[in-house]
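Numbering (our numbering), first residue to last: 1049 to 1158.
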């Protein structure tokens, strides 16, 4: 089984509706190894991130980070190990301030 390390997703997060950063494709499993949350504004900003099961929606029961604060003009590097073994599982995010935070996901597909 091939193990392909790569950037799994990157997006500037809005505050109106959830942004999907990564969805497990058919025939694969995903592993999130690192998340970099970058605040590009002059004010602290918050973000919520969920590991959403296939055919479900974001909820407290699948929250990874809820209203997590990222300092102004700074970044937070989070080392993690999130295994996503079902096709259609996804990582969603929602910011407290529009376009304040960019999220980058790094990991592997097997």
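Note that the Cβ used here is the ideal one computed from N, Cα and C, for glycine as well.
Model, not experiment: these values are computed from the prediction.
Quiz item: How about the region 1128 to 1144 and the region 1095 to 1103: do they share at least three Cβ pairs that are nearer than 8 Å?
Solution: yes
Quiz item: Does the beta-carbon of residue 1038 have 16 or more other beta-carbons within 10 angstroms, so that it is buried, or is it exposed?
Solution: Residue 1038 is absent from the model: the chain starts at 1049 and stops at 1158.
Exercise. Select from 1150, 1133, 1112, 1105 the residue whose C-alpha is nearest the C-alpha of residue 1121.
Key: Among 1150, 1133, 1112, 1105, the Cα nearest to that of residue 1121 is on 1150.
Quiz item: Under three-state DSSP, which class holds residue 1062?
Solution: For residue 1062, the three-state secondary structure derived from DSSP is coil.
Self-check item: Among 1068, 1064, 1058, 1074, nearest to residue 1157 - alpha-carbon criterion
Solution: 1074
Quiz item: Three or more beta-carbon pairs under 8 Å between the region 1051 to 1059 and the region 1102 to 1120, yes or no?
Solution: no
Practice problem: Indicate whether at least one CB of chain C lies closer than 8 Å to the CB of residue 1059. | Solution: This model lacks chain C altogether; it includes just one protein chain.
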